[in-house]
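First to last, the sequence lines map onto chains A and B.
Numbering (the working numbering) for the first sequence: 8 to 252.
Numbering (the working numbering) for the second sequence: 530 to 627.
Report on the following structure.
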Amino acid sequence: MSDAHGDHAHGNDEHGDHAHEPNGEHADGHADPHAPIVHDDAQDAWERRSAAIEALLVEKGILTHDEVRAAIDDFASRTPMLGARLVAKAWTDPAFKSRLLADAKAAAAEELGLDMGLPEIVALENSDSVHHLIVCTLCSCYPRMLLGPPPGWYKSLPYRSRAIVDPRGVMRELGLDVPPDVEVRVVDSTADMRYFVIPARPSGTESLSEAQLAALVTRDSMIGVARAREPIASTWHDSGCVRVA
Amino acid sequence: MARFGPGNRVRVRTEHRPTHVRTPAFIMGHTGVVDRLHGSFPNPEQIAYGQDGLPRTPLYFVRFDAPRVWNGAPETDTLLIDLYEHWLEPADREGATA
Chain A
8 MSDAHGDHAH
18 GNDEHGDHAH
28 EPNGEHADGH
38 ADPHAPIVHD
48 DAQDAWERRS
58 AAIEALLVEK
68 GILTHDEVRA
78 AIDDFASRTP
88 MLGARLVAKA
98 WTDPAFKSRL
108 LADAKAAAAE
118 ELGLDMGLPE
128 IVALENSDSV
138 HHLIVCTLCS
148 CYPRMLLGPP
158 PGWYKSLPYR
168 SRAIVDPRGV
178 MRELGLDVPP
188 DVEVRVVDST
198 ADMRYFVIPA
208 RPSGTESLSE
218 AQLAALVTRD
228 SMIGVARARE
238 PIASTWHDSG
248 CVRVA
Chain B
530 MARFGPGNRV
540 RVRTEHRPTH
550 VRTPAFIMGH
560 TGVVDRLHGS
570 FPNPEQIAYG
580 QDGLPRTPLY
590 FVRFDAPRVW
600 NGAPETDTLL
610 IDLYEHWLEP
620 ADREGATA
């Protein structure tokens, strides 16, 4: 859903993700199943540079290819579901929420049993009176250890430059109208902290389990460009597939 | 030791250096209020050049009123930006004029 808002920003640090274009992918993002598979063996300058650096580090005995692969596997295994689990627990357990707000890195490591890596993590809570929106205007800092890789639009120059100046306009374009009496706090993660949002708990979810609540917490709601899903929307989504079939 | 604490008013230095800096140009010269001290970190502006970045530098979460930074921004709205201590100077004396 979220990747519909322009996930093709190749400008900044989106290096080496160009392989889909020769495969006959249409501009609207739907691959043509009959297009011939084209192998683009030519590496771009960034790929050649990173391959050369990796080869040098291995040659000097600083790291091994297996360590690089393990690190990439770990990166790739992180998804927004990790953050969603923390949010759902915070919604149901006030003591955990206090720990999450006080020291998100420690609370996340304890709850998820995962190494959270080097950057610090800060959880910011949305409410009826405050709405946080996360951006990194200088580059593309993002809580990858909790949300996985950032969406392309998060790294794009238009988002990074506009979210800080006109957060309400950007959120409106993404489908979120924040009421005028709510304080919008744009958070610019320029340094060692990685931020994620605890969205407000939707009403009518009192009877849901923690796992059911976690399913309402989307990646975009933890960046701050969306609210958590309403439970009705998730029911419709589930039955939608049945109807199509 | 951290020079500022929550509630202190601080002004962001204006300094355009053609090097790696972690302070966005748009906030230079503006006055905000320290929301919290995040801790102290090796200075990334030195790490970028192969140095160790030590001693560690205090990092603050600083809040700015959006309409003081951007003309026409809603009075309700704020910006929260991570800023290292060497980019900040005290602004308490000017108080309400900032």
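Cβ atoms here follow ideal geometry from the backbone N, Cα and C, with glycine treated the same way.
query: Determine, using beta carbons only, whether tryptophan 599 of chain B comes closer than 8 Å to chain A.; result: yes
query: Looking at the strands, I want to know which residues DSSP matches up with glycine 568 of chain B.; result: B:Leu588
query: Give the DSSP-derived three-state secondary structure of phenylalanine 203 of chain A in the structure shown.; result: strand
query: Whose C-beta lies closer than 6 Å to the C-beta of tyrosine 613 of chain B among residues of the same chain, with five residues either side of it excluded?; result: Thr586, Leu588
query: Apart from the five residues on each side of it in sequence, which residues of its chain come closer than 7 Å, Cβ to Cβ, to threonine 552 of chain B?; result: Val541, Leu612, Trp616
query: Below 8 Å, can you find three or more Cβ-Cβ pairs linking the region 56-75 of chain A to the region 96-113 of chain A?; result: no
query: Could you check the C-alpha separation between histidine 33 of chain A and proline 43 of chain A for me, to the nearest Å?; result: With a pLDDT of 47 at histidine 33 of chain A, under the threshold of 50, the predicted position of this residue should be treated as unreliable, though the coordinate-derived value follows. Between histidine 33 of chain A and proline 43 of chain A, the C-alpha separation is close to 13 Å.
query: When the distance is taken between beta carbons, is aspartate 188 of chain A closer than 8 Å to threonine 605 of chain B?; result: yes
query: What residues of chain A sit near threonine 552 of chain B, judged by a beta carbon separation below 8 Å?; result: Thr197
query: Which one of A:Ser210, A:Ile171, A:Arg106 has the shortest CA to CA distance from serine 134 of chain A?; result: A:Ser210
query: Can you give the Cα-Cα distance for methionine 178 of chain A and isoleucine 69 of chain A, rounded to whole angstroms?; result: 44 Å
query: Of all the CB atoms in chain B, is at least one closer than 8 Å to the CB of glutamate 180 of chain A?; result: no
query: In the structure shown, what three-state DSSP assignment does valine 610 of chain B receive?; result: Per the sequence shown, residue 610 of chain B should be read as isoleucine rather than valine. Isoleucine 610 of chain B falls in the strand class under three-state DSSP.
query: Can a CB atom of chain B be found closer than 8 Å to the CB of aspartate 188 of chain A?; result: yes
query: Three-state secondary structure (DSSP) at threonine 560 of chain B?; result: strand
query: Taking the alpha-carbon of glutamate 132 of chain A as reference, which of A:Leu107, A:Cys146, A:Pro238, A:Pro126 has the nearest alpha-carbon?; result: A:Leu107
query: Note down, in chain order, all residues in the region 118-145 of chain A with a beta-carbon under 7 Å from any beta-carbon belonging to chain B.; result: Glu127, Thr144, Leu145
query: Following a CB-centred definition, is glycine 176 of chain A positioned closer than 7 Å to any heavy atom of the ligand ATP?; result: Questions concerning the ligand ATP fall outside what the structure shown contains, since it holds no ligand whatsoever.
query: Does aspartate 73 of chain A come out as helix, strand or coil in the three-state DSSP assignment?; result: helix
query: Give me the Cα-Cα distance between threonine 543 of chain B and alanine 554 of chain B, rounded to the nearest whole angstrom.; result: 8 Å
query: Can you tell me whether DSSP reads arginine 151 of chain A as helix, strand or coil?; result: helix
query: Answer yes or no: does any C-beta atom of chain B fall closer than 8 Å to that of valine 94 of chain A?; result: no
query: May I ask you to list, following chain order, the residues of the region 156-181 of chain A that have a beta carbon less than 9 Å from some beta carbon of chain B?; result: Ile171, Val172, Asp173, Pro174, Arg175
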